[in-house]
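In full-length UniProt numbering, the protein residues as written are 1 to 348.
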């Protein structure tokens with residue numbers, strides 16, 4: 001079986017192309033291959049099981065020709081990037097941001113990263129916890145307390161939803177948890193975003209995280225030892241973009257003089273690939289150089305990278321009160337899909 005499928009989580013939606021007959025045997029008539037699309041149920045050393053619309057399909061590993069994770073099925077009509085349910089988009093976004101520690105509570109996922117980023121230290125409550133709601137919250141509080149962290153839950157819903165309207169949100173608020181600022185989930189087609197590129201060259205993209213990129217990222221938040229590097233490199237696939245102070249693009253837009261070799265990034269971004277989607281994050285521009293289109297170039301370049309990898313859909317998260325960033329992304333073709341808030345337990 002191709003190695004990429006071994007890294008796909010059980011429960012993900014996949015497409016598996018396999019031979020109808022053992023290797024070396026050719027069919028006398030008709031097709032020789034078949035595609036199985038559905039949920040990856042299990043895998044062993046000799047076979048995988050995919051739950052398709054027509055039932056479970058067991059596929060021998062030695063018959064698999066190709067396999068990959070694909071986006072969840074649309075839940076409504078409309079543009080593909082808007083047709084995914086709120087819950088399914090949350091499932092897609094989860095692995096696009098790494099966490100040092102993950103533990104399941106039924107369908108829910110508890111994440112901890114020594115306090116680095118709220119996303120990496122919160123519960124993703126999609127599906128059912130497998131226990132009564134009050135007991136699930138008790139377990140969450142105990143799990144984070146054992147790690148010296150406040151318990152935190154990422155609660156998602158349609159744009160404009162109120163946490164108290166959700167049973168979990170109501171339970172948390174009744175316990176004295178507080179609701180934080182809202183974050184918007186924006187989605188788009190990679191074709192649309194890539195088409196907004198102003199062109200030119202000079203945005204460096206690498207699958208490897210280097211110290212210069214990390215130093216630039218450190219200007220956006222408090223770092224926690226080497227945890228940041230582990231989280232940033234913790235997705236199935238990631239790409240790191242940078243516009244260097246001494247690069248050709250920096251010279252082109254008048255940020256440096258010809259001949260400069262300054263490797264410091266003046267703008268960065270990160271792209272993760274998970275769940276058949278691309279996830280954009282960590283877009284930053286040197287505050288003294290904002291308003292020159294650097295974030296646009298980073299964003300569109302990463303959309304081009306995603307499209308070249310065969311990824312058609314892209315998501316990002318932005319604070320709901322960051323009007324400047326929202327306006328930028330909407331100009332590039334992103335649209336508002338859903339929103340989420342973090343609810344945090346009271347200090348003990």
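Glycine residues also receive a C-beta, built at the ideal position from the N, C-alpha and C atoms.
No experiment lies behind these values; they were computed from the predicted model shown.
Please list, in chain order, all residues of the same chain as residue i whose beta carbon is under 6 Å from its beta carbon, the five residues on each side excluded.
{"i": "residue 113", "result": "99, 100, 120, 121, 227, 231"}
{"i": "residue 205", "result": "239, 241, 305"}
{"i": "residue 178", "result": "344"}
{"i": "residue 97", "result": "119"}
{"i": "residue 274", "result": "95, 96, 235, 236"}
{"i": "residue 220", "result": "284"}
{"i": "residue 92", "result": "275, 277"}
Once the 5 residues before and after residue i are set aside, which same chain residues still bring their CB inside 7 Å of it?
{"i": "residue 209", "result": "229, 232, 233, 240"}
{"i": "residue 58", "result": "47, 49"}
{"i": "residue 82", "result": "187, 335, 337"}
{"i": "residue 303", "result": "190, 193, 194, 314"}
{"i": "residue 52", "result": "36, 37, 38"}
{"i": "residue 350", "result": "No answer is possible for residue 350: it lies beyond the span of the chain, which begins at 1 and ends at 348."}
What does the alpha-carbon distance come out to for the pair residue i and residue j?
{"i": "residue 337", "j": "residue 185", "result": "6 Å"}
{"i": "residue 1", "j": "residue 62", "result": "In this predicted model, residue 1 has a pLDDT of only 42, less than 50, meaning its place in the structure is not dependable; the value taken from the coordinates is given anyway. Near 6 Å, if we compare the C-alpha coordinates of residue 62 and residue 1."}
{"i": "residue 34", "j": "residue 56", "result": "14 Å"}
{"i": "residue 146", "j": "residue 140", "result": "10 Å"}
{"i": "residue 329", "j": "residue 128", "result": "33 Å"}
{"i": "residue 183", "j": "residue 169", "result": "16 Å"}
{"i": "residue 311", "j": "residue 157", "result": "25 Å"}
{"i": "residue 16", "j": "residue 110", "result": "29 Å"}
{"i": "residue 347", "j": "residue 151", "result": "9 Å"}
{"i": "residue 94", "j": "residue 13", "result": "14 Å"}
{"i": "residue 43", "j": "residue 37", "result": "15 Å"}
{"i": "residue 8", "j": "residue 308", "result": "21 Å"}
{"i": "residue 245", "j": "residue 294", "result": "11 Å"}
{"i": "residue 159", "j": "residue 324", "result": "19 Å"}
{"i": "residue 117", "j": "residue 174", "result": "25 Å"}
{"i": "residue 327", "j": "residue 149", "result": "34 Å"}
{"i": "residue 196", "j": "residue 164", "result": "39 Å"}
{"i": "residue 351", "j": "residue 65", "result": "The chain is shown from 1 up to 348; residue 351 falls before or after that span and cannot be answered."}
{"i": "residue 32", "j": "residue 278", "result": "32 Å"}
Can you tell me where the beta strand (DSSP E) holding residue i begins and where it ends?
{"i": "residue 265", "result": "265-274"}
{"i": "residue 84", "result": "First-last for residue 84: undefined, no H or E at that position."}
{"i": "residue 69", "result": "64-69"}
{"i": "residue 344", "result": "335-344"}
{"i": "residue 238", "result": "237-244"}
{"i": "residue 122", "result": "First-last for residue 122: undefined, no H or E at that position."}
{"i": "residue 60", "result": "55-60"}
{"i": "residue 152", "result": "152-157"}
{"i": "residue 203", "result": "203-206"}
{"i": "residue 52", "result": "47-52"}
Return the Cβ separation of residue i and residue j in integer angstroms, given the expectation that the two are a contact with Cβ distance under 8 Å.
{"i": "residue 300", "j": "residue 194", "result": "6 Å"}
{"i": "residue 131", "j": "residue 153", "result": "Incorrect: roughly 15 Å between the Cβ atoms, too far for contact."}
{"i": "residue 281", "j": "residue 292", "result": "Contact doesn't hold; Cβ gap of about 21 Å is too wide."}
{"i": "residue 268", "j": "residue 224", "result": "In fact, because the Cβ distance is near 19 Å, the residues do not count as touching under 8 Å."}
{"i": "residue 202", "j": "residue 243", "result": "6 Å"}
{"i": "residue 180", "j": "residue 341", "result": "6 Å"}
{"i": "residue 5", "j": "residue 67", "result": "4 Å"}
{"i": "residue 276", "j": "residue 137", "result": "The Cβ separation is near 32 Å, so there is no contact."}
{"i": "residue 212", "j": "residue 263", "result": "5 Å"}
Where does the unbroken alpha helix (DSSP H) through residue i begin, and where does it stop?
{"i": "residue 173", "result": "167-174"}
{"i": "residue 324", "result": "323-331"}
{"i": "residue 211", "result": "211-217"}
{"i": "residue 227", "result": "227-232"}
{"i": "residue 193", "result": "190-195"}
Where does residue i sit, in a helix, a strand or coil, going by DSSP?
{"i": "residue 20", "result": "coil"}
{"i": "residue 109", "result": "strand"}
{"i": "residue 277", "result": "strand"}
{"i": "residue 311", "result": "coil"}
{"i": "residue 143", "result": "helix"}
{"i": "residue 298", "result": "helix"}
{"i": "residue 38", "result": "strand"}
{"i": "residue 319", "result": "strand"}
{"i": "residue 93", "result": "helix"}
{"i": "residue 2", "result": "Note on residue 2: pLDDT 45, under 50, position unreliable in the model; no value is reported."}
{"i": "residue 303", "result": "helix"}
{"i": "residue 183", "result": "strand"}
{"i": "residue 137", "result": "helix"}
{"i": "residue 222", "result": "coil"}
{"i": "residue 44", "result": "coil"}
Once you ignore the five residues that flank residue i on each side, which residues in its own chain have a CB closer than 8 Å to its CB?
{"i": "residue 376", "result": "Because the chain here runs from 1 to 348, residue 376 falls outside it and cannot be looked at."}
{"i": "residue 10", "result": "40, 41, 42, 43"}
{"i": "residue 167", "result": "133"}
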